[in-house]
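Peer 1:
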Amino acid sequence: MNVVGHLHCFVIVAEELHFGHAAERLGIAQPPLSQRIQRLEKELGVRLFDRTSRKVELTAAGRLLLDDARDILSRVERVYDLAERARRGEIGTVRAGLPSDLGGPPVAALIAAFRERRPDLRLELREISTAEQIGALADGTLDAGVVRHPCDARDLELGPLLGQPVGVLLPAGADLADAAEVRLPDLAGRDLVTFPRDEAPGAHDDLLAGCRRHGYAPPAVHEARHPQFALGLVLAGTAVAFVPRTADPGGGAVWRPLHGEPLTWRTSCAWRRAADPEHARAIADFTAVATAVLRREAGMAPLDAAPAPARRVLRPSSGFLA
352 MNVVGHLHCF
362 VIVAEELHFG
372 HAAERLGIAQ
382 PPLSQRIQRL
392 EKELGVRLFD
402 RTSRKVELTA
412 AGRLLLDDAR
422 DILSRVERVY
432 DLAERARRGE
442 IGTVRAGLPS
452 DLGGPPVAAL
462 IAAFRERRPD
472 LRLELREIST
482 AEQIGALADG
492 TLDAGVVRHP
502 CDARDLELGP
512 LLGQPVGVLL
522 PAGADLADAA
532 EVRLPDLAGR
542 DLVTFPRDEA
552 PGAHDDLLAG
562 CRRHGYAPPA
572 VHEARHPQFA
582 LGLVLAGTAV
592 AFVPRTADPG
602 GGAVWRPLHG
612 EPLTWRTSCA
622 WRRAADPEHA
632 RAIADFTAVA
642 TAVLRREAGM
652 APLDAAPAPA
662 RRVLRPSSGF
672 LA
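Under the working numbering, residues 352 to 673 are what the sequence shown spells out, in order.
1. Using the beta-carbon count (16 or more within 10 Å), is Ser-619 buried or exposed?
2. In three-state DSSP terms, what is Ala-598?
3. Between Leu-645 and Arg-617, is the Cβ-Cβ spacing less than 8 Å?
4. What residues are listed by DSSP as bridge partners for Gly-448?
5. Write down every uninterrupted run of the beta strand (DSSP E) in the stretch 551-585 whose length is 3 residues or greater and which is fully enclosed by it, in chain order.
6. If you pair each beta-carbon of the stretch 583-592 with each one of the stretch 530-547, do three or more pairs fall below 8 Å?
7. Does the count of Cβ pairs from the stretch 548-567 and the stretch 477-487 closer than 8 Å reach three?
8. From Phe-593 to His-555, what distance separates their C-alpha atoms?
9. Out of curiosity, what's the CA-to-CA distance linking Pro-457 and Pro-511?
10. Taking just the CA atoms, how far does Gly-448 sit from Arg-477?
11. Just checking, does the stretch 625-643 make contact with the stretch 494-506 on the three C-beta pairs under 8 Å criterion?
12. Rounded to a whole number of angstroms, what is the C-alpha to C-alpha distance between Ala-540 and Gly-566?
13. By the 10 Å Cβ neighbour count, where 16 or more other Cβ atoms means buried, how is Ala-434 classified, buried or exposed?
14. Can you find the residues in the same chain that come closer than 8 Å, C-beta to C-beta, to Arg-624, ignoring five residues on each side of it along the sequence?
15. Three-state secondary structure (DSSP) at Phe-546?
16. Distance check for His-500 and Ala-489, CA to CA, integer angstroms please.
17. Spatial neighbours of Gly-371 within its chain, please: CB distance less than 8 Å, with the 5 preceding and 5 following residues excluded, ordered by chain position.
18. If we count the other Cβ atoms within 10 Å of its Cβ and call it buried at 16 or more, is Arg-607 buried or exposed?
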């Protein structure tokens with residue numbers, strides 16, 4: 352006897368309390384449905400329904416078994432789901448996105464820390480913008496990510512909001528290169544190079560608004576899809592760039608902090624709630640490790656304010672690259 356199939360029939364009849372309606376839901380005729388219920392009752396040794404010509408009611412035994420029957424069916428469904436994920440090669444893998452401006456040392460530290468915490472799992476990382484991460488999380492092709500704020504994080508779970516002050520990248524021979532700190536108004540007359548607006552419209556606008564608010568209105572804004580191109584513009588004296596602190600920019604450029612830390616990148620982990628408990632635990636382990644690494648390796652610190660989802664405008668990364 353197909354116990355699972357017969358339990359499914361039992362649950363449907365219990366929900367409908369009408370054999371005709373239950374048969375319609377199951378897509379079978381009523382006589383075979385009645386036979387399946389009878390076989391299940393015989394197998395279990397108890398009567399599940401009281402049937403008359405006018406109504407169908409659950410017996411005490413039927414009421415007692417209904418919740419367990421539903422639980423069994425749910426577990427069987429999960430087995431099939433896990434089997435399908437195994438067939439697609441998704442078991443034991445956490446698919447995560449990282450912004451391209453995160454830097455090599457934090458990425459390496461993240462891989463090592465996750466491997467130590469969950470040696471049973473494979474971490475599949477993608478270099479992907481915040482905007483692309485939001486879409487990939489929505490369609491299920493990504494499990495978790497590290498995103499810049501503000502962004503449209505509706506329907507997503509968010510980790511602690513972390514802040515990372517940015518400084519200015521200047522040519523080593525610039526008149527401000529020897530300053531201990533640079534005030535934003537002191538950059539007047541210099542162009543700015545940053546990530547393309549079409550990759551991060553909200554963050555791009557926020558960055559420029561922050562500059563204007565603190566006294567710097569760049570005459571022109573150049574867009575760079577790669578950090579090396581941006582560095583080239585900086586070295587040529589064409590523009591300045593805002594980036595997090597680096598140990599040694601090298602290549603004839605110097606990094607200087609901004610007075611008062613007027614510009615801050617905001618970052619957090621983001622993920623979609625997983626239905627499978629094991630997968631949910633794997634995602635939770637990744638986000639915990641990622642948050643710790645961002646604080647330790649990237650110099651990020653917790654911010655008091657929680658990240659607020661944007662209502663209309665998608666606002667991805669405010670880094671060199673979105």
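Note that the Cβ used here is the ideal one computed from N, Cα and C, for glycine as well. It should be emphasised that the depicted structure is a prediction, and the values quoted were computed from it without experimental measurement.
Peer 2: Quick look at the numbers:
1. As a position in the sequence shown, residue 619 is number 268, starting the count at 1. The residue in question, Ser-619, is buried, as its Cβ has 16 or more Cβ neighbours within 10 Å.
2. Numbered from 1 along the sequence shown, position 247 holds the residue referred to as residue 598. Its pLDDT being 48, under 50, Ala-598 is placed unreliably in this model, and the value from its coordinates should be taken loosely. Residue state, collapsed to three classes: coil.
3. Walking along the sequence shown from the start, residue 645 turns up at place 294. Walking along the sequence shown from the start, residue 617 turns up at place 266. Cβ atoms of Leu-645 and Arg-617: not closer than 8 Å.
4. The residue given as residue 448 occupies position 97 in the sequence shown. In the DSSP output, where bridge partners are listed per residue, Gly-448 has Arg-477 and Gly-496.
5. 572-574
6. Because the criterion of three Cβ pairs below 8 Å is met, the stretch 583-592 and the stretch 530-547 touch.
7. Taking 8 Å as the limit for Cβ pairs, the verdict is that the stretch 477-487 does touch the stretch 548-567.
8. By 1-based counting over the sequence shown, the position of residue 593 is 242. By 1-based counting over the sequence shown, the position of residue 555 is 204. Their backbone Cα atoms lie some 12 Å apart in a straight line.
9. Position 106 of the sequence shown, counting from 1, holds the residue named residue 457. Position 160 of the sequence shown, counting from 1, holds the residue named residue 511. C-alpha separation (whole angstroms): 17 Å.
10. As a working note, residue 477 is residue 126 in the sequence shown. As a working note, residue 448 is residue 97 in the sequence shown. Roughly 5 Å separates the two Cα atoms.
11. yes
12. By one-based count along the sequence shown, residue 540 stands at place 189. By one-based count along the sequence shown, residue 566 stands at place 215. Here residue 540 turns out to be Gly, not Ala, going by the sequence shown. Roughly 11 Å between the two C-alpha positions.
13. Looking up residue 434 in the sequence shown gives position 83. Ala-434 comes out exposed.
14. In the sequence shown, the residue the question calls residue 624 occupies position 273. Glu-508 and Ala-631.
15. Position 195 of the sequence shown holds residue 546. In this structure, Phe-546 counts as coil in the three-state DSSP scheme.
16. If you number the sequence shown from 1, residue 489 lands on position 138. If you number the sequence shown from 1, residue 500 lands on position 149. Roughly 17 Å separates the two Cα atoms.
17. Numbered from its first residue, the sequence shown carries residue 371 at position 20. The residues are Gln-381.
18. Translated into the one-based positions of the sequence shown, residue 607 becomes position 256. In summary, Arg-607 is buried, with 16 or more beta-carbon neighbours lying within 10 Å of its beta-carbon over all protein chains present.
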